[in-house]
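Some notes on the structure that comes next.
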Amino acid sequence: MNYEIMMRFIEQLEDPCCDPANPKELTYHQISVAHHKIKIMVRTGCRYSRSLSKISGCEVFIKMEVNQDTGSFKERGGRYALMNLTDDEKSNGVYAASAGNHAQALALHGKHLGVPVTVVMPRHAPLMKIAKCRELGANVLVEGKDVSVSREIALKLAKERGGKYINGYDHIDILAGAGTVAVEIFDQVSDVDAILVPAGGGGLMAGVCVASKALSPSTKVIGLVSESCPSLLKSLEAGKPVYTKCGTTLADGLAVPLVGCNSFHSSLGNVHNVIPVKEKDIAVGILRLLETEKVVAEGAGAIGPAALIAGSLKELVGKKVVCILSGGNIDSTVLGRCIEKGLAVDNRLIRIDVIVSDRPGGVAEFTQMIANMGASVKDMALVCFAIIVVIIIFIICTKYILYILNYILVCLVFTGCTGSRIISFGPEICWLSQSQAVAAVVDQGEIRKHVTNLTTGR
493 MNYEIMMRFI
503 EQLEDPCCDP
513 ANPKELTYHQ
523 ISVAHHKIKI
533 MVRTGCRYSR
543 SLSKISGCEV
553 FIKMEVNQDT
563 GSFKERGGRY
573 ALMNLTDDEK
583 SNGVYAASAG
593 NHAQALALHG
603 KHLGVPVTVV
613 MPRHAPLMKI
623 AKCRELGANV
633 LVEGKDVSVS
643 REIALKLAKE
653 RGGKYINGYD
663 HIDILAGAGT
673 VAVEIFDQVS
683 DVDAILVPAG
693 GGGLMAGVCV
703 ASKALSPSTK
713 VIGLVSESCP
723 SLLKSLEAGK
733 PVYTKCGTTL
743 ADGLAVPLVG
753 CNSFHSSLGN
763 VHNVIPVKEK
773 DIAVGILRLL
783 ETEKVVAEGA
793 GAIGPAALIA
803 GSLKELVGKK
813 VVCILSGGNI
823 DSTVLGRCIE
833 KGLAVDNRLI
843 RIDVIVSDRP
853 GGVAEFTQMI
863 ANMGASVKDM
873 ALVCFAIIVV
883 IIIFIICTKY
893 ILYILNYILV
903 CLVFTGCTGS
913 RIISFGPEIC
923 WLSQSQAVAA
933 VVDQGEIRKH
943 VTNLTTGR
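In our numbering, the protein residues as written are 493 to 950.
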């Protein structure tokens with residue numbers, strides 16, 4: 493064990509609810525009690541997906557945790573944990589570390605139950621989730637390169653201020669609340685062959701494993717991790733929680749470097765398999781849910797459909813499968829990138845580089861050719877060789893040196909100093925063609941005219 497891993501385990505001892513030396517095992521009785529207490533507030537639907545079933549060859553149902561008030565399953569454990577606090581603990585407030593969903597759940601239900609909430613969020617947390625937590629009244633601190641570092645800060649604050657720290661994926665009440673997802677699934681869908689569970693810190697996995705073992709032992713529980721942060725997979729291979737270096741991932745909610753000790757201990761022996769999912773497949777999963785199910789899911793929530801669409805679970809063909817859409821909180825900018833990436837993987841969005849003849853109508857002929865093939869141009873960038881033209885003119889016409897220097901400045905403006913892009917392709921196209929550029933060298937007034945037309949969009 494290297495020094496970094498050793499320090500992580502030592503730091504985890506600071507949380508009395510999560511002691512790696514004495515892990516707590518979740519029981520179905522705890523899940524049942526949690527279900528009884530919170531079922532009125534947090535129940536969601538589980539609907540059949542015709543499109544995903546057709547694509548995957550399975551009989552696919554989707555558990556709609558995206559429909560929770562804060563958009564994720566974290567509300568279940570968050571509310572249950574807050575309900576179990578003593579009066580003194582409620583007055584002193586609670587502390588947590590989260591990439592967003594656990595933080596939002598505590599913020600909302602802390603507000604409902606009158607409990608002050610302070611959350612420490614890692615720097616990679618989506619801006620939308622940070623803003624939402626603050627909107628719900630939580631005190632938000634953005635600190636730490638990942639959730640584990642944020643966790644250390646939150647633990648320190650809780651200790652200094654006399655508050656209670658609630659681990660978002662390893663507190664036993666959080667695990668019990670997460671397990672109520674499976675209780676509802678077995679109530680809503682009969683004879684489930686497999687449940688696909690997004691796996692980050694392991695809380696949802698632990699809850700589903702324990703509930704499935706009690707209610708439907710034949711049901712396979714399959715964990716899905718981001719290929720960029722396969723913490724649970726590495727831990728199961730090692731037989732204990734191990735620190736895993738996480739890369740950037742669309743499934744930011746699963747970017748947890750160290751699986752919870754209680755979660756791991758409760759899941760051990762009940763996980764049928766853990767599948768790593770590629771980033772490009774997660775993007776396609778997000779796109780498919782948006783297009784076919786009219787559901788906006790974050791990367792973690794879309795990872796189940798992503799694995800099915802990618803063909804990573806061939807053994808489930810013909811089986812009844814439930815995908816838990818664990819969350820739907822995704823930044824608009826990230827969603828836009830996911831859509832473009834998904835379209836590209838789908839071969840519905842391609843980039844081509846062409847050389848168009850420098851004559852009137854050259855670009856128009858090219859775009860007409862694209863239209864004739866039933867495609868449309870989303871964006872166009874013009875690469876200009878104006879600087880080369882200027883050098884040639886300089887050799888031939890040295891007497892126009894001042895004009896040439898002025899023209900170089902204009903070229904740099906047009907090309908952003910790199911010659912990479914002049915203007916986006918839109919309803920109206922304005923650019924300075926090479927032939928116009930040569931003519932404009934001897935006419936500064938003409939240059940100003942083109943610059944005016946370009947900047948005003950005429």
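Note that beta-carbon positions come from the ideal geometry of N, C-alpha and C, so glycine has one too.
None of the values given here were measured: they were computed from a predicted structure.
Residue i classed as buried or exposed, judged by whether at least 16 other C-beta atoms fall within 10 angstroms
| i | result |
| --- | --- |
| Gln-860 | exposed |
| Glu-857 | exposed |
| Ser-541 | buried |
| Ala-743 | buried |
| Asp-773 | buried |
| Lys-952 | This structure gives no information on residue 952, because the portion of the chain shown stretches from 493 to 950. |
| Leu-619 | exposed |
| Glu-652 | exposed |
| Asn-514 | exposed |
| Glu-960 | Residue 960 cannot be examined here, being either before or after the span of the chain that is shown, 493 to 950. |
| Asp-845 | exposed |
| Glu-729 | exposed |
| Ala-840 | Looking at the sequence shown, residue 840 is not Ala but Arg. By the 10 Å Cβ count, Arg-840 comes out exposed. |
Per-residue DSSP class, three states only, for residue i
| i | result |
| --- | --- |
| Val-837 | helix |
| Met-533 | helix |
| Ser-759 | helix |
| Met-575 | helix |
| Val-586 | strand |
| Leu-518 | coil |
| Ser-564 | strand |
| Lys-621 | helix |
| Lys-870 | coil |
| Pro-919 | Caution is warranted here: a pLDDT of 34 is assigned to Pro-919, below 50, making its placement in the model unreliable, and no coordinate value can be reported. |
| Ala-792 | helix |
| Arg-829 | helix |
| Val-605 | A small correction: the amino acid at residue 605 is Leu; Val does not occupy that position in the sequence shown. Leu-605: helix per DSSP, three-state reduction. |
| Ser-710 | coil |
Contacting residues, own chain, Cβ-Cβ under 6 Å from residue i (five flanking each side not counted)
| i | result |
| --- | --- |
| Leu-779 | Ile-831, Gly-834 |
| Ile-767 | Leu-716, Ala-799, Ser-804 |
| Leu-808 | Cys-550, Ala-686 |
| Lys-566 | Asn-593, His-594, Ala-597 |
| Glu-503 | At Glu-503, the pLDDT of 49 sits below 50, so the modelled position is not reliable and the matter cannot be decided from this model. |
| Val-848 | Gly-854, Val-855, Phe-858 |
| Lys-624 | Gln-596 |
Beta-carbon contacts of residue i that lie in its chain and below 7 Å, excluding the five residues immediately before and after
| i | result |
| --- | --- |
| Gln-680 | Cys-538 |
| Phe-756 | Gly-694, Ser-727, Pro-733 |
| Arg-626 | Val-632 |
| Val-751 | Gly-693, Gly-694, Ser-723, Leu-724, Ser-727, Pro-733 |
Host alpha helix (DSSP H) of residue i (start-end)
| i | result |
| --- | --- |
| Arg-643 | 639-653 |
| Thr-740 | Taken as a continuous stretch (DSSP letters only), Thr-740 belongs to no alpha helix (DSSP H), as it is neither H nor E. |
| Met-697 | 695-707 |
| Ala-674 | 664-680 |
| Ser-723 | 723-730 |
| Ile-862 | 854-864 |
Identified DSSP bridge partners for residue i
| i | result |
| --- | --- |
| Glu-551 | Lys-812 |
| Gly-715 | Val-689, Val-766 |
| Asn-539 | Rather than Asn, the amino acid found at residue 539 in this sequence is Arg. BP columns for Arg-539 point to Ile-554. |
| Leu-800 | According to DSSP, which records beta bridges pairwise, Leu-800 is partnered with nothing at all. |
| Thr-610 | Tyr-587, Asn-631 |
| Gly-819 | Ser-564 |
| Lys-656 | Val-586 |
Spatial neighbours of residue i in its chain, beta-carbon cut-off 8 Å, leaving aside the 5 residues before and after
| i | result |
| --- | --- |
| Asp-838 | Val-776, Leu-779 |
| Asp-683 | Lys-812 |
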